[in-house]
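Structure record follows, encoded as structure tokens.
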Amino acid sequence: MRVPGWLETLAERAAGAPVHPAMRPPESGGRPAAVLLLFGEGPSGPDVLLIQRSSRGRRHAGQPAFPGGGVDPADGGPVAAALREAQEETGLDPAGVHVVGTMPELYIWRSDNRVTPVIGWWHTPCAVHAASPDEVESVERVPLAELVDPANRLTLRHPSGYSGPAFRVRGLLVWGFTAGVLDGVLDDSGFALPWDGSRVEDLPPDVLNLASRG
């Protein structure tokens, strides 16, 4: 099975990427979790699968994210967990996915999750949708060309003082953990373009209110 060279390069670089001190997992504790960074070839070139979480959710409500969730004992590890969660959330057929590699474990303190990003190549795409309406509101295949477009990039500032990368694509405001991972993988894939890092906006109140749940 042929995996694009850029994705092999991405997986190799991402596997050894340093973890920011704020996202290093603690020595103990935290719930094992996994997300699927699923890349495919769409009408507009390479793309990545994103979901928008339900605004009714208890955690990360309304936020764009990668498919994923907690690692169950029956999964046997993060790869199987990422594929299972993606299937439950989007109707994805795991048989159409080739797992290329994994990234170092990242810690999300707000949800106390130790997250392993799993990188996959969607060699046989299938129709996807919000298969679990209580958890997912919509599903999007977002072209990488739109993510790297400087017009769609900005820095988002949280009231806590934290600032991080963000993207406005397909009617979604992608920020937080998901945007941080995307920012890194776009660099590692070689697709990233220069953009105006001085374009800083405050996190919109409606997004902040949803994010404050849980």
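Take the position in the sequence shown, starting the count at 1, then add 186; the result is the number in the working numbering. C-beta atoms are modelled at their ideal positions from N, C-alpha and C, and glycine is treated no differently. None of these values were measured; they are calculated from a predicted model.
Residues of its chain near residue i, where Cβ-Cβ distance is below 7 angstroms and the 5 sequence neighbours each way are ignored
i: His344; result: Leu389
i: Ala317; result: Glu274, Glu275, Thr276, Gly277
i: Glu213; result: none
i: Ser230; result: Pro329, Ala331
i: Gly228; result: Arg327, Pro329
i: Leu333; result: Phe353, Val355, Leu368, Leu372
i: Gly366; result: Gly350, Pro351
Alpha helix (DSSP H) segment containing residue i, residue limits
i: Gly191; result: 191 to 201
i: Asp264; result: The amino acid at residue 264 is misidentified as Asp; the sequence shows Pro. Pro264 -> alpha helix (DSSP H) spans 264 to 276.
Same chain, Cβ closer than 6 angstroms to residue i, neighbours up to 5 away in sequence not counted
i: Ser375; result: Trp192, Leu196
i: Leu224; result: Leu235, Gly306, Trp308
i: Gly287; result: Ala197, Ala201, Ile305
i: Ala267; result: Ala220, Val257, Asp261
i: Arg188; result: none
i: Phe377; result: Leu330, Val334
Proximity to residue i [Cα-Cα], best of the options
i: Pro336; options: Val322, Pro311, Leu379; result: Leu379
i: Val314; options: Ser384, Ile294, Pro253, Pro211; result: Pro253
i: Pro303; options: Pro351, Ala203, Ser384; result: Ala203
i: Ala251; options: Asn395, Gly362, Val371; result: Gly362
i: Asp233; options: Asp392, Pro311, Trp295; result: Pro311
i: Glu291; options: Met187, Trp381, His206; result: His206
i: Val322; options: Glu271, His284, Gly347, Gly366; result: Glu271
i: Gly383; options: Gly350, Leu394, Met187, Asp392; result: Gly350
i: Val283; options: Val393, Val386, Gly366, Gly226; result: Gly226
i: Met289; options: Pro190, Pro391, Gly370; result: Gly370
Extent of the continuous beta strand (DSSP E) run through residue i
i: Leu236; result: 231 to 239
i: Leu358; result: 358 to 360
i: Gly254; result: 254 to 256
i: Thr345; result: For the sequence presented, residue 345 should be read as Pro rather than Thr. Taken as a continuous stretch (DSSP letters only), Pro345 belongs to no beta strand (DSSP E), as it is neither H nor E.
i: Val285; result: 283 to 288
i: Leu292; result: 292 to 294
i: Arg188; result: Arg188 -> no beta strand (DSSP E), and no H or E assigned at all.
i: Glu387; result: 386 to 388
i: Gly215; result: Segment: none, Gly215 is in no beta strand (DSSP E) and carries neither H nor E.
Same chain, Cβ closer than 8 angstroms to residue i, five either side skipped, listed in chain order
i: His293; result: According to the sequence provided, residue 293 is Tyr. The question's His does not apply to it. Cβ within range, chain order: Met209, Arg210, Pro211, Pro212, Gly216, Asn299, Arg300, Val301.
i: Leu396; result: Ser241, Ala247, Gly248, Gln249
Quick one: any contact between the stretch 349 to 358 and the stretch 319 to 329, if contact means 3 or more CB pairs under 8 angstroms?
Yes, since at least three Cβ pairs between the stretch 349 to 358 and the stretch 319 to 329 fall closer than 8 angstroms, the two stretches touch.
Mind the definition here: the stretch 330 to 340 touches the stretch 213 to 222 only if three or more C-beta pairs lie below 8 angstroms; say whether that holds.
Using a Cβ-Cβ distance cut-off of 8 angstroms, the stretch 330 to 340 and the stretch 213 to 222 are not in contact, since fewer than three pairs of beta carbons, one from each stretch, lie closer than that value.
Below 8 angstroms, how does it come out for the stretch 258 to 266 and the stretch 226 to 242: are there three or more Cβ pairs, yes or no?
Under the Cβ criterion (8 angstroms, minimum of three pairs), the stretch 258 to 266 does not count as touching the stretch 226 to 242.
Does the stretch 274 to 281 touch the stretch 195 to 212, meaning 3 or more C-beta pairs lie closer than 8 angstroms?
No: the two stretches stay apart, fewer than three of their Cβ pairs being nearer than 8 angstroms.
What are the uninterrupted segments assigned as alpha helix (DSSP H) that are 4 or more residues long and contained completely in the stretch 300 to 339, given in chain order?
With a minimum length of 4 residues, the continuous alpha helix (DSSP H) runs that stay inside the stretch 300 to 339 are 330 to 334.
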